[in-house]
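**Student:**
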Amino acid sequence: MSFLAPFALVLAAAASVPLVLHLLRRRTGEKVDFPAIRYLLRAEREHSRQLKLRNLLLMLLRVFAVIALALAAARPIGRFAGGSHAPTAMAIVLDNSLSTSVVVNGAPVLAKLKDAARSAIGRANASDRLWLVTADSRVVGGSASAVRAALDRADALGGAGDLRAAVARAAQLVRGGGLPSRQLAIVTDGQATSWASAVPLDGVATTVYAPSLATPKNRAVISAQAEPPHWTPRGAVRATTTATDSVTFRVALGARAAARGIVAPGEDIVVRLAPADRGWLPGSVELEPDELRGDDVRWFAVHIGPAPAVSVVAGTGAFASTAVDALAQDGRVARGGDILIGGAESAKRPGVFFAPTDPVQLGAANRALERAGIPWKFGALRTGPAPVTGAGLAGVSALRWYALSPRTALEPGTVDTLANVGSDPWAVAGDGYVLVASPLATEGTDLPLRASWVPWLGSAIADHLSGDAGSITEAAPGANVARPAWAHELEEPDGNHREVTESRFPAPDRPGVYFWLRGTQRAGALVVNPEVGESDLTRLSVAQLEARFSGAEVVATDNASRWVASAFSFSGRRALDSSFLVLGLLLLAAEAVVTRAIAPKGD
Amino acid sequence: MPDKNSRADLMDPVSIAALGRIEIIARWVVEGFLTGLHRSPRKGFSVEFAEHRAYQPGDDLRFLDWKVVARADRWLIKQFEEETNLKATIVLDVSKSMAWTGSPARVTKLAYAEQVAAAVSWLLLRQRDGVGLIRFDDEVRTVIPPRGRSAQWRRIINALEDPGSGKGSDAPGALMKAAQLVQRPGMVVIISDLLVDEAEMAKAVSALRAVGHDVTVLHVIDPAERDLAIAKMETELVDTETDASVNVMLSEVRDAYRETVQAAIGEWRDRLSATGSSYEPVYTDQPFGVALRRAFAARQHLP
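In order, the protein sequences belong to chains V and X.
Each number in our numbering corresponds to the 1-based position in the first sequence with 39 added.
Each number in our numbering corresponds to the 1-based position in the second sequence with 824 added.
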């Protein structure tokens, strides 16, 4: 048993008053003449046992009455039956992740969760403290009506949110609630991916409601991206689905449908496009709808530009010429003088440059790099073979390469390391250049002999030399993302602009493509898609779910009534002040009865 | 200093008027020459006419003045002036316990007892009976032998003004003195709070009864003594006569005390009734005439 107002226990000291009076009653009093004292002595003599018993009983009744009233004033709470629930700090954690929007038996699971939470809120009284914490850790606290209103407004998120963080936040609120009785009440669909790891409760007793519902078959687009992200102007859209049956799909680019088709189970959707549009465009891959609509569409962003004009520096060799010819035939580059491909001794931005074939040219190459403003220089010659690690370079080996080192300290974000050999950078890219540490010759690297040579070169040109320095960032709804240093405004899917000042900020809740603006021009994209795990509707059993929580007493149930009944009283601690008050009054009533009834009757 | 005859606390005219309709009928036929109000076994004893009074149902028709009835159609009873054979002695307790009242709104037990004694004296003297007075505390303070003369009233009133000086009560001694004073069987009226030794008191009363006295005991009780009605919650009560004291939480013992007082009254009644005496508790918040009527009403049923 504990007390909400323990200072009131001081009142219990008043219980000593009747005790002291009882002990001192024969020693105090004012002298009064009374001739008939013989009758008094006789009365005491004849009723001494009865009087002593009655006095003792009265003393005990008074002492216990005072103690009971003092206890009532101290507002005790304890694990006893009866009485209303103890004043409780309770946070309801509402799992409103995307998966709860799935429709089962004609209604979203979220509606069922909200109904249960609404019933639990109905058990709150004025002495409770109440909060609603949603899966995105947003908190609404206050009166039961305010929390109920917030519950009514709560919609399913576009993503998974972070239930673990929400629970931690709720536990923090409850612990800081200033009430000794604390409870977390969680309503969730029990999705396995949402409760993948153990959730610490930090000593806050918790009840979990996870309705037992059928798991509908769900198909989702779990990836969609433009290949490469910068089309010049040709490119492809690749998407992966979880469909277990053939399903129709639709690929949209900008406001137009770019392709439709049917994808078989296990196959990727690959659509090659050469749109007439230019610039940054939003795209989506969409399946026909099922019970969970939120993952039937997935967004991507693509930058579409004209084919860059590329020329090969004389003497670079056949590998470069052949590759450029192939890219030109595919429409991905045009022949021209904008972008150079050649040895570093002829470096001039923009271009793709390789280490000199002849070591004698190393000094000239470094001077040319310096003149071109490329902040790198070739160093010591290293020999292999050694595997090259980098995107699109699987199986490529370096035979001879120069150690690349920055000429000056590089500013973060200005250079991309495209590939490495061991710990040495092998291919680096920056503003208007791609620099490779090996000569474009068979004695330098086997890259030109590989099938990946032409695609790699095409990507290098499209991604780093096509005149757009923008980038694509992918994030889940609510995830913490970094703002590009040059961007201060975000264009939302509905065309509205939103100022962004924080260096890091939570990604928008609504899935879609958001564009970073440089001035008034789109210069990059933030693509928001739900987490892939949200499409997996596999649910934990009640026992499995209960086992996910640690650090406090937990009861999980799929019975809504039982869960609601446990709200505010799960700890079993109940307010006992009214019980003690009644007890005190009963004792006082008994004292009055003893005083009047038990004593011998007069005339 | 006001005349004793006009002292309102001693000569309450309202009480006297109320008592004027009481016919004291002796429960025990006392020898004497009583005529008038007293039924005498010696019928035809010579009398001297004194006055008429209105006939009342129950009056002996022998004393109806038929001449007046015939002449004026008025029913009058002839009353005769003669010396009665009844000699009464009032034994008044003036001990310290009597000089006590539980409330300033009431007279002390002693003052009340003196009122009663005066009233009884006047009543008896008015009927030409002999009245005497004995006042006692721890010793006999006043002794006035019973007489039926008019000066007796003055002597009794004067004696009632003397204060008692003792503390305790020696009622048996006073009663023995009364027995000595009245040689012939007569009437003894004891007015006391009876805070005396019960056995000794009963023995003395028995002795009086043995010689033929008609004994009436008026037990004067202050209501505070009956109910333990003292305003203090907790107090040390001190016996005014013995200085014995007791600490008590009044609310706790009040009911037991009341029961004890009632038991004591019952015991007195039983004990004195067993001797053939009359016993009446008298409370000082009642008109003393009421108590007197109670005390003497029983005699009306005696032969």
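No residue lacks a Cβ here, since even glycine has one placed at the ideal position from N, Cα and C.
Bear in mind the structure is a predicted one, so any value in this text is a computation, not a measurement.
1. Which term fits V/Asp335, buried or exposed, when burial requires 16 or more other beta carbons within 10 angstroms of its beta carbon?
2. Quick one: is V/Pro321 buried, meaning 16 or more other Cβ sit within 10 Å of its Cβ, or exposed?
3. Shortest alpha-carbon distance to V/Ser542 belongs to which of V/Asn519, V/Val102, V/His536?
4. Whole angstroms are fine: how far does the CA of V/Arg549 sit from the CA of V/Arg192?
5. Short of 7 Å in beta carbon distance, which residues of its chain neighbour V/Leu420, apart from the five on each side in sequence? Order them along the chain.
6. Which class does V/Gly471 belong to by DSSP, given the choice of helix, strand or coil?
7. Based on the DSSP output, what are the partners of V/Gln222 in its beta bridges?
8. Verify the CB distance criterion: does X/Tyr1081 have a CB-CB separation below 8 Å to chain V?
9. Mind pulling the beta strand (DSSP E) runs of 3 or more residues that sit fully within the stretch 131–208 of chain V?
10. Taking Cβ-Cβ distances shorter than 9 Å, what residues in chain X pair up with V/Asn94?
11. Which chain V residues are close to X/Ala1016, counting only those with a beta carbon under 7 Å from its beta carbon?
12. Name the DSSP beta bridge partners of X/His1037, please?
13. May I ask which residues mark the beginning and end of the alpha helix (DSSP H) holding V/Glu541?
14. In whole angstroms, give me the CA-to-CA distance for V/Ser323 and V/Leu196.
15. Buried or exposed for X/Arg965, going by 16 or more other Cβ atoms inside 10 Å?
16. Whether or not the stretch 561–575 of chain V and the stretch 510–527 of chain V are in contact is what I'm after, with contact meaning three or more pairs of Cβ atoms, one per stretch, closer than 8 Å; do they touch?
17. Determine, using beta-carbon pairs with one atom in the stretch 1070–1087 of chain X and one in the stretch 996–1013 of chain X, whether at least three such pairs fall under 8 Å.
18. Strictly below 7 Å CB to CB, what residues from chain V border X/Leu1061?
19. Would you say the beta carbon of V/Leu438 is closer than 7 Å to some non-hydrogen atom of the ligand SAM?
20. Could you give the distance in angstroms between the alpha-carbon of X/Glu985 and the alpha-carbon of X/Val944?
21. Going by beta carbon distance, what residues of the same chain come within less than 7 Å of V/Asn405, once the five residues before and after it are set aside?
22. Helix, strand or coil, according to DSSP, for X/Val967 in the structure here?
23. Do V/Val310 and V/Val206 come within 8 Å of each other at the CB atom, strictly closer than that value?
24. Are the Cβ atoms of V/Lys70 and X/Glu1060 separated by less than 8 Å?
25. Should X/His876 be labelled buried (16 or more other beta-carbon atoms within 10 Å of its own) or exposed?
26. In this structure, how does DSSP classify V/Asp72 when only helix, strand and coil are distinguished?
27. Would you please verify whether the beta carbon of X/Thr1064 is less than 8 Å from any beta carbon of chain V?
28. Can you round the beta-carbon distance between V/Ser285 and V/Pro304 to whole angstroms, since I take them to be within the 8 Å contact cut?
29. With a 10 Å radius around its C-beta and 16 neighbouring C-beta atoms as the bar for buried, classify V/Ser462 as buried or exposed.
30. Buried or exposed, going by whether 16 or more other CB atoms sit within 10 Å of the CB of X/Lys891?
31. Between the Cα of V/Ser166 and those of V/Gly181, V/Ala407, V/Asp194, spot the shortest distance and give me the residue it belongs to.
32. Which value, in whole angstroms, describes the spacing of the CA atoms of V/Ile106 and X/Glu1065?
33. Using Cβ-Cβ distances below 7 Å, what residues of the stretch 904–937 of chain X are close to chain A?
34. Rounded C-beta distance between V/Phe607 and V/His124? I'm assuming under 8 Å.
35. Taking all protein chains shown into account, decide if V/Gly229 is buried (16 or more other Cβ within 10 angstroms of its Cβ) or exposed.
36. Between the Cα of V/Ser600 and those of V/Pro74, V/Ala159, V/Val148, spot the shortest distance and give me the residue it belongs to.
**Tutor:** Result, derived from the coordinates:
1. Start at 1 with the first residue of the first sequence, and residue 335 of chain V comes out as number 296. So V/Asp335 ends up on the buried side.
2. For the purposes of this step, residue 321 of chain V is taken as residue 282 along the first sequence, with counting starting at 1. Per the 10 Å Cβ criterion, buried.
3. Here residue 542 of chain V is taken as the residue at index 503 of the first sequence, counted from 1. Closest by alpha carbon: V/Asn519.
4. If you number the first sequence from 1, residue 192 of chain V lands on position 153. If you number the first sequence from 1, residue 549 of chain V lands on position 510. Roughly 16 Å between the two C-alpha positions.
5. Here residue 420 of chain V is taken as the residue at index 381 of the first sequence, counted from 1. So the qualifying residues of the chain are Pro398, Arg439, Tyr441.
6. Position 432 of the first sequence, counting from 1, holds the residue named residue 471 of chain V. Here V/Gly471 sits in coil by DSSP.
7. As a first step, residue 222 of chain V must be located in the first sequence, where it is residue number 183. V/Gln222 is bridged to V/Met129.
8. Walking along the second sequence from the start, residue 1081 of chain X turns up at place 257. So yes, X/Tyr1081 belongs to the interface.
9. 168–173, 178–181
10. Stepping through the first sequence from its first residue, residue 94 of chain V is reached at position 55. Met1073, Glu1076, listed in chain order.
11. Here residue 1016 of chain X is taken as the residue at index 192 of the second sequence, counted from 1. Going by the sequence as given, residue 1016 of chain X is Ser instead of Ala. By Cβ distance, chain V contributes nothing, its closest Cβ being about 12 Å from X/Ser1016, past 7 Å.
12. As a position in the second sequence, residue 1037 of chain X is number 213, starting the count at 1. Note: X/His1037 sits in no beta bridge, so no partner.
13. Position 502 of the first sequence, counted from the first residue, corresponds to residue 541 of chain V. It is not in any alpha helix (DSSP H) - V/Glu541 carries neither H nor E in the DSSP assignment.
14. Residue mapping note: residue 323 of chain V aligns to position 284 of the first sequence, counting from 1. Residue mapping note: residue 196 of chain V aligns to position 157 of the first sequence, counting from 1. Cα to Cα, V/Ser323 sits roughly 19 Å from V/Leu196.
15. Walking along the second sequence from the start, residue 965 of chain X turns up at place 141. Looking at its Cβ environment, which holds 16 or more other Cβ atoms inside 10 Å, X/Arg965 is buried.
16. yes
17. no
18. In the second sequence, counting from the first residue as 1, residue 1061 of chain X sits at position 237. The contacting residues are Val71, Phe73, Ile76, Leu79.
19. Questions concerning the ligand SAM fall outside what the structure shown contains, since it holds no ligand whatsoever.
20. Here residue 985 of chain X is taken as the residue at index 161 of the second sequence, counted from 1. Here residue 944 of chain X is taken as the residue at index 120 of the second sequence, counted from 1. Roughly 16 Å between the two C-alpha positions.
21. The count along the first sequence starts at 1 and reaches residue 405 of chain V at position 366. Once the five neighbours on either side are set aside, the close Cβ partners of V/Asn405 are Lys416, Phe417.
22. Taking the first residue of the second sequence as position 1, residue 967 of chain X is located at position 143. Correct three-state label for X/Val967: strand.
23. The residue given as residue 206 of chain V occupies position 167 in the first sequence. The residue given as residue 310 of chain V occupies position 271 in the first sequence. No, the pair does not count as a contact, with Cβ atoms beyond the cut-off.
24. Sequence index remark: in the first sequence, residue 70 of chain V carries index 31 (1-based). Sequence index remark: in the second sequence, residue 1060 of chain X carries index 236 (1-based). Yes, the Cβ-Cβ distance between V/Lys70 and X/Glu1060 is below 8 Å.
25. Position 52 of the second sequence, counting from 1, holds the residue named residue 876 of chain X. It is exposed - the Cβ of X/His876 has fewer than 16 other Cβ atoms within 10 Å.
26. Locating residue 72 of chain V in the first sequence gives position 33, where the first residue counts as 1. Three-state result, V/Asp72: strand.
27. Start at 1 with the first residue of the second sequence, and residue 1064 of chain X comes out as number 240. Chain V contact via Cβ: present.
28. Working through the first sequence from its first residue, we reach residue 285 of chain V at position 246. Working through the first sequence from its first residue, we reach residue 304 of chain V at position 265. V/Ser285 to V/Pro304, Cβ: 7 Å. Contact.
29. Along the first sequence, read from residue 1 onward, the residue named residue 462 of chain V stands at position 423. Looking at its Cβ environment, which holds fewer than 16 other Cβ atoms inside 10 Å, V/Ser462 is exposed.
30. For the purposes of this step, residue 891 of chain X is identified with residue 67 of the second sequence, where counting begins at 1. So X/Lys891 counts as exposed.
31. Residue mapping note: residue 166 of chain V aligns to position 127 of the first sequence, counting from 1. Of the candidates V/Gly181, V/Ala407, V/Asp194, the one whose C-alpha sits nearest the C-alpha of V/Ser166 is V/Gly181.
32. By 1-based counting over the first sequence, the position of residue 106 of chain V is 67. By 1-based counting over the second sequence, the position of residue 1065 of chain X is 241. The straight-line gap from Cα to Cα measures roughly 45 Å.
33. No chain A is present in this structure, whose protein chains are V and X.
34. Taking the first residue of the first sequence as 1, we reach residue 607 of chain V at position 568. Taking the first residue of the first sequence as 1, we reach residue 124 of chain V at position 85. Yes, V/Phe607 and V/His124 are in contact; Cβ-Cβ is about 4 Å, under 8 Å.
35. As a working mapping, residue 229 of chain V is identified with position 190 in the first sequence. Per the 10 Å Cβ criterion, buried.
36. Counting from 1 along the first sequence, the entry for residue 600 of chain V is found at position 561. Answer by Cα proximity: V/Ala159.
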